[in-house]
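Colleague: Handing you a structure now.
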Amino acid sequence: MSTPLIRVYNTLQHAKVPLEPITPGKLGVYVCGPTVYSYVHIGNARTFTSFDVIVRYLRFRGFEVKYVRNYTDVDDKIINAAKASGEDPIALAARFVGEFEADAKALHLIAPDVSPKVSETIPEIVALVKTLVEKGAAYVSGGDVYFEVRKFPGYLKLSGKNLDELQAGAGEREQKGEVKRDPGDFALWKGAKPGEPSWDSPWGKGRPGWHIECSAMSSKYLGETFDLHGGGLDLIFPHHDNEIAQSEAASGKTLCHCWMHGGFLDLDGAKMSKSLGNVVQLRDAMKRVDPEALRYFFLGTHYRQALAFNDKMLADAETRMEYFYETLKKIDERVTGKDFGQGALHGDPERFIAQFDEQMSDDFNFSGALGVLSGLFAELNQLADKPPVKDKPMVGRTLVALRGVVTRLSKVLGVFDDVPADWLLRRRDRQVVAKGLDVAKIEGLIADRKAAREAKNYAEGDRLRAEAKAMGVEFIDSPQGTTWKVIAELATA
RNA sequence: GGCGUCAUAGCCAAGCGGUAAGGCAAGGGUCUGCAAAACCCUCAUUCCCCGGUUCGAUUCCGGGUGACGCCUCCA
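Residue numbers (the working numbering): 479 to 971.
So, in C-alpha cells, the structure goes:
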C-alpha cells in the first residue's frame, strides 16, 4: 500500500511543508500544556485532543514519537489563585495537575511520554538564563533578568509582527522603565516577592519568567532542535516568539522545524475567555455529553479552524456515536465466535485505510478522515443487513476484515474504541439520570404491552408505546423481545 | 493602526487548477401489526461581490464587503 507523504502546515512558513524528521523514523513533539491554576476548559481540551490525534496518527504511520507536554506549575496566575484560596501555590498547582490528569484520562487522551513541570526544571532554567546572560543576550536588572529583544535579529519571525509597531500600539502599557532597557524586553527570571515560591539563583532568590520554562523543558527532553512544536493559536505571540528568541540565542541553532497551532473553540460567536465569562469546563461538558462524542465533535472540523461549541452540534455528535456503536454491536453479535473459513473478500476493506491515510497525511484533515469513516460504516451496515452477494461465508469474512479496519482507525481517533454494548448502556444510564426517568415504570409498560400484544390488542399496545414516547422513551421490538432506548436529546446542565 | 485567519446548500463541514466528500435536518421508498434501527432514492448548473490570469477557477492574482483572532493573561 502506498503511504502518502505527510504534509504539515508550518506557521513559520504560512504553508504546508513535507514532514522531514531530523532523525529518520523518529519525531520529537513538544506541546505547550496547561497552566495548572484551575480546571481545564473545553477550549484547552480541543487543542489537546487535536495534538493527541496527531501524535496517534504519527505513530500509526510508524514513527517513533517522543511526545512531551509540560505542566506550567509556577506562574502569576497560580500565585494569584493561591492567594485567593489561601493555599500554598505549589500545592494548588499539584492539585490541579491531578485534576487535569483525571480529565485527560476521561477524554481518552494518551499520556505523553514526558510531562515535565517547571518546579522540577529549575536547575536547567537557571543554567539557560545564565548562558543567555553570559552571551550578552540578556541582562541583570535589580533582582530580575531580562531578555534583550533588540539584540536578537530574528525576533518576531513567527508572528510576523514588527517590534516598533508593536510598541506604538502598546501605548501606556509598556513604558520604558528603570528596569528594562527596552519596553519589549521580557523577564527570564523574576526576583522573589514575599509569599511567592522562589529558588536560589546567581541573581538571588526568585522564580522563572513565563516563556523560559518551555525552552528549558523542550531542550532537556528533545534536544536543542526538534521536529514539531504545538500549541493554541494565541501562543504564537508572545510565547512562541519568545521561546524561539531565548532558545536560539542560547544554542545558536534552530529551535524547531515546524510550528503547529490549533484554532479556537468559540462560544456564542466569540472566543471563550474569563473576561467574557463564557468559560465551560471540560468536566462539566463531559457530564452532559459522552466524552467520545465530545472528541468526535472536536474532530468534525480541521484542527486549525475555529470551532463553534453549541448544544445542537454536541447532540448530533452523540447521535452519530450511537450509530457507530449500534453498528459495531450488531456486527460483533453477527461475527464473534464464528469461523467463516478462508477465501476471497467482497470489495477491498483496506481501501478505507488508504483513504484515511490520504486525508490524515494532508495536514491531519480530521473532517476528511471522518468522511471516510462514513463510507466504512455504511458498507458494514449494508453488508450486514442487505448483502449484495449471497456468499455468506464471504460476507462474514468481509465483516471481520472491516471490523478490523474500524479497530485500527479507532486507535488513531480515540473514538468507538469501547465495547459497543457497554457504551450504549452507559449512555442510556446517563440519559435516564439526566431525564429523571423511572426505569421500573418503563419496564412495567413493556410488560403490559407484551400482554396486550399477545392478546392481539394492538390498539392498547400502541397506546402504551405512545405513553412511553411521551416520557421520551422509544420501544424497540425484536424477535428476542422488546428493549428500549431514550430518545436523543442533550442532557441539560 | 499593524499582523493573521476565514467566507461552500436550512445547519455543520471537506475541497489547494479539471468541472461540488461526508454528516445533521427534510421528503419519498424497502422492512415492521405499529414503531425503532438499517438500507435505497431525492436534496448546491454552483462555492460573499467585482475584475484579472488560464482551454478551464470554488480553487491562483488584484480590489471590495463581511466575520473572527493576535498585538494584555489565555489552548
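Note that beta-carbon positions come from the ideal geometry of N, C-alpha and C, so glycine has one too.
Could you work out which residue in Val486, Leu858, Gly621 is closest to Lys668 when comparing CA atoms only?
Modeller: Gly621
Colleague: Three Cβ pairs or more, each shorter than 8 Å: is that satisfied between the region 505-520 and the region 534-546?
Modeller: With a cut-off of 8 Å, the region 534-546 and the region 505-520 count as touching, because enough Cβ pairs lie within range.
Colleague: On the criterion of 16 or more Cβ atoms from any shown chain inside 10 Å, does Asn488 qualify as buried, or is it exposed?
Modeller: buried
Colleague: Can you tell me whether Ala560 is buried or exposed? The criterion is at least 16 other CB atoms within 10 Å of its CB, across all chains shown.
Modeller: buried
Colleague: Can you tell me the Cα-Cα spacing of Tyr617 and Ile600, whole angstroms?
Modeller: Their backbone Cα atoms lie some 19 Å apart in a straight line.
Colleague: Secondary structure at Lys913, three-state DSSP: helix, strand or coil?
Modeller: helix
Colleague: Count the other CB atoms, across all protein chains shown, that sit within 10 Å of the CB of Arg798; report buried if there are 16 or more and exposed otherwise.
Modeller: buried
Colleague: Under DSSP, the alpha helix (DSSP H) around Phe574 begins and ends at which residues?
Modeller: 567-584
Colleague: Could you name the residues of the same chain whose beta carbon sits closer than 8 Å to that of Gln958, not counting the 5 residues immediately before and after it, in chain order?
Modeller: none
Colleague: Quick one: which unbroken alpha helix (DSSP H) runs of 4-plus residues sit fully inside the region 802-863? Chain order, please.
Modeller: 828-838, 844-863
Colleague: Please report the distance separating the alpha-carbon of His707 from that of Gly825.
Modeller: 40 Å
Colleague: In chain order, what residues of the same chain lie with their CB nearer than 6 Å to the CB of His735, ignoring the 5 residues before and after it?
Modeller: Asp705
Colleague: Take the Cβ of Ser693 as the centre, count every other Cβ of all protein chains shown within 10 Å, and call the residue buried at 16 or more, exposed below.
Modeller: buried
Colleague: Answer with buried or exposed for Leu903, where buried requires no fewer than 16 other C-beta atoms within 10 angstroms of its C-beta.
Modeller: exposed
Colleague: For Tyr774, which residues in the same chain have their Cβ closer than 7 Å to its Cβ, ignoring the five residues on either side in sequence?
Modeller: Ala795, Arg798, Met799, Val893
Colleague: How about Ile525 and Gly778: do their beta carbons lie closer than 8 Å?
Modeller: According to the sequence displayed, residue 525 carries Thr and not Ile. Result no, Cβ atoms of Thr525 and Gly778 do not sit closer than 8 Å.
Colleague: Where does Gln958 sit, in a helix, a strand or coil, going by DSSP?
Modeller: coil
Colleague: Quick check on DSSP: helix, strand or coil for Met750?
Modeller: coil
Colleague: Measuring CB to CB, does Gly741 end up less than 8 Å from Arg766?
Modeller: no
Colleague: Classify Leu483 as buried or exposed, calling it buried when 16 or more other Cβ atoms lie within 10 Å of its own Cβ.
Modeller: exposed
Colleague: If you follow the beta strand (DSSP E) that Lys947 is in, where does it begin and where does it stop?
Modeller: Element bounds for Lys947: not the beta strand (DSSP E) but the alpha helix (DSSP H), 936-949.
Colleague: Enumerate in chain order the residues of its own chain whose CB-to-CB distance from Leu834 is below 7 Å, with the five nearest sequence positions on each side excluded.
Modeller: Sequence check: residue 834 is Phe here, not Leu. Non-local beta-carbon contacts of Phe834 in its own chain, meaning distances under 7 Å to residues more than five positions away in sequence, involve Ala847, Val850, Leu887 in chain order.
Colleague: Who are the Cβ neighbours of Tyr803 in its own chain at under 7 Å, not counting the five residues just before and after it?
Modeller: Phe894, Pro898, Trp901, Leu902
Colleague: Judging by CA-CA distance, which residue of Gly662, Ala944, His739, Ala523 is the nearest neighbour of Ile924?
Modeller: Ala944
Colleague: Could you say which of Gly682, Ser637, Phe776 lies nearest to Asp712 if we only look at CA atoms?
Modeller: Ser637
Colleague: Note down the Cα distance separating Lys870 from Thr885, rounded to an integer number of angstroms.
Modeller: 23 Å
Colleague: On the CB-based measure, 16 or more other CB atoms within 10 Å of its CB, does Arg651 come out buried or exposed?
Modeller: Confidence is the limiting factor: at Arg651 the pLDDT is only 46, short of 50, which leaves the residue's position unreliable, though a coordinate-based value still follows. Exposed is the call here.
Colleague: Please give me, in chain order, every unbroken run of the beta strand (DSSP E) with length at least 3 that falls completely inside the region 594-678.
Modeller: 616-619, 622-625, 664-669
Colleague: Would you decide whether Ser597 is buried or exposed? Buried here means 16 or more other CB atoms lie within 10 Å of its CB.
Modeller: buried
Colleague: In this structure, how does DSSP classify Ala727 when only helix, strand and coil are distinguished?
Modeller: helix
Colleague: How do the region 516-534 and the region 754-762 stand: do at least 3 beta-carbon pairs fall below 8 Å, yes or no?
Modeller: yes
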